[in-house]
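Take a look at the structure below.
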Amino acid sequence: SAHLGFNVQIQESYLAGVELDAGLPRDKGRQIQGIPGTYGALTPITSVNLVDRITRKAIWDASLRGRIGYLASPSMLVYATGGLALMALRTDIDCPAQTPISSFCTSPRQQTLSQIRKGWTLGMGLESNIGDSAWSMRLDYRFSYFRPVDQTFFNSSARDSFTARQGLSTHLVSIGLNYSFADLITP
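Residue numbers for the sequence shown follow our numbering, beginning at 5 and rising by one.
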């Protein structure tokens, strides 16, 4: 992921700023066998091999955050951050309708839903200068929450249609390298 930010030093030991970041998560997708909420909808299911699948994958994420920090030493910043979080998600549902006992659907159906989810993020981190250079390193933790959304799938068929509630939260730990342009723009 990449980030861009602007900081202002407040008094001698405090700093406030704004950051924007965007990235491509290393998400291979989470696949669930069966469609949650549809088990046993047609007949009581005991120990059958369900063939229906739902896969959810994060495509990209981004955030716009405020940041406030304390200079624990001239080269070490401890900070808290929070703000808007965005995530692009893709959900694929496959309902092959092989038999009434192993599949929810009465006829084969597939659907893909892509959406951008909005939420909030909170976190904290450490940032340390690398010697006397314009470079610094950071270690960052953030929790992001995206409110649950109700989504109806297979809407064209009254029999196979169902509504699923999709909630999402993420934990992100990142290590980063920063370059300060302050010397280039200071008169």
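We treat Cβ as the ideally placed atom computed from N, Cα and C, and that holds for glycine. Since the structure is predicted, the reported quantities are computational estimates derived from the model, not experimental observations.
Nonlocal neighbours in the same chain, by C-beta distance under 8 Å from residue i, ignoring five residues either side
i: Tyr18; result: Ile72, Gly73, Tyr74 and Leu75
i: Ala6; result: Asp25, Ala26 and Gly27
i: Gly44; result: Because the pLDDT of Gly44 is 48, which lies under 50, any placement of that residue in the model is unreliable, and the number read from its coordinates should be weighed accordingly. Answer for Gly44: no residue qualifies.
Residue of the options minimising C-alpha distance to residue i
i: Arg113; options: Gly123, Leu130, Ala101 and Val22; result: Ala101
i: Gly171; options: Gln155, Leu181 and Asp164; result: Gln155
i: Ala138; options: Gln115, Met91 and Ser79; result: Ser79
i: Ala186; options: Ser5, Trp124, Asn11 and Leu88; result: Asn11
i: Thr110; options: Ser161, Ser118 and Lys122; result: Ser161
i: Tyr83; options: Leu143, Phe157, Ser118 and Cys99; result: Leu143
i: Glu16; options: Ala92, Arg30, Val22 and Ser77; result: Ser77
i: Gln115; options: Leu88, Asn133, Ser140 and Arg94; result: Arg94
i: Asp31; options: Met91, Phe150 and Phe108; result: Met91
Residues sharing a beta bridge with residue i, DSSP
i: Thr110; result: Per DSSP, none; premise fails for Thr110.
i: Val22; result: Phe10 and Gly70
Nearest-angstrom beta carbon gap, residue j and residue i [assumed within contact, 8 Å]
i: Arg69; j: Thr85; result: 5 Å
i: Ser132; j: Ser140; result: 6 Å
Beta-carbon contacts of residue i that lie in its chain and below 7 Å, excluding the five residues immediately before and after
i: Arg210; result: The chain is shown from 5 up to 191; residue 210 falls before or after that span and cannot be answered.
Own chain partners of residue i with C-beta closer than 6 Å, once the 5 adjacent residues on each side are dropped
i: Arg146; result: Thr125, Gly127 and Leu176
i: Leu8; result: Leu24
Please go through the region 67–155 and give each complete beta strand (DSSP E) segment of 3 or more residues, from N-terminal end onward.
-> 80–99 and 113–133
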